[in-house]
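Structure, as structure tokens:
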Amino acid sequence: MTERTQALAALEQGCNFCMEMTGDNMAPKILDGDVVFFAACDHVDSGQIAAVRLDGEILLRRVQWTGELMTLIPFNPAYPPVTYAPQEQAAVEIVGRAVVVRRLFILFHSCNELLLLYDAEYLLRIALSDPLVFHFHVS
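Going by this note's numbering, the first residue of the sequence shown is number 9, and it counts up by one from there.
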């Protein structure tokens, strides 16, 4: 998690963790820089968006079940879906179900303070005085 996502994790009730989206494989619905909040789980229903660990990397994908086959589908049609047979699914670990996506807009950034517009609704001032402690104020 980045400093921003650690500070924001406390804002979404019912969520266990969050991650900042990187790349365009989930565009146009989930964009690079969006923060996705998750409820920890090891299984999702067909059609749900999940955080999936594959080859040591956490990916964000829509999961589609067809019988015993699991397909990981990016929203961006430029990237192909990948289907896993039951014997291949041990390499795929579902770690969470997406609950909410928030878009952040950085309004101001200095070496010791970050001012964000959170989901076009909340103004956050995050003090970066200590890398392990975050003080934020919602205006």
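Built from N, CA and C at the ideal position, the CB exists for glycine as well.
Pick from 66, 102, 84, 86: whose alpha carbon is nearest that of residue 78?
For the residues 66, 102, 84, 86, the minimum Cα distance to residue 78 belongs to 102.
Less than 8 Å between the CB atoms is what I'm expecting for residue 27 and residue 66, so what's the real figure, rounded?
Residue 27 to residue 66, Cβ: 6 Å. Contact.
Residue 39 classed as buried or exposed, judged by whether at least 16 other C-beta atoms fall within 10 angstroms
With fewer than 16 Cβ atoms within 10 Å of its Cβ, residue 39 is classed as exposed.
Closest by C-alpha distance to residue 75, when choosing among 22, 94, 104:
Checking every option, the nearest Cα to that of residue 75 belongs to 94.
Straight-line CA distance for residue 70 to residue 82?
In a straight line, the C-alpha of residue 70 is about 6 Å away from that of residue 82.
Start-to-end residues for the beta strand (DSSP E) that takes in residue 28
According to the DSSP assignment, residue 28 belongs to the beta strand (DSSP E) that extends over 25–28.
Coarse secondary structure for residue 101, derived from DSSP in three states
Shown here, residue 101 sits in a strand according to DSSP, grouped into three states.
Residues near residue 97 by beta carbon distance below 8 Å, same chain, minus five either side
Excluding its 5 nearest sequence neighbours in each direction, residue 97 has C-beta neighbours in its own chain below 8 Å: 78, listed in chain order.
C-alpha gap between residue 85 and residue 48, whole angstroms
The C-alpha of residue 48 is placed about 27 Å away from the C-alpha of residue 85.
Burial state of residue 41 (16 or more Cβ within 10 Å)
Around the CB of residue 41, fewer than 16 other CB atoms lie within 10 Å, so the residue is classed as exposed.
From 57, 99, 88, 25, pick the residue whose C-alpha is nearest to that of residue 105; which is it?
Each of 57, 99, 88, 25 was checked against the Cα of residue 105, and the nearest Cα belongs to 57.
Using a threshold of 7 Å, is the CB atom of residue 26 nearer than that to any non-hydrogen atom of the ligand FAD?
Ligands in the displayed structure: none, and consequently the ligand FAD is not present.
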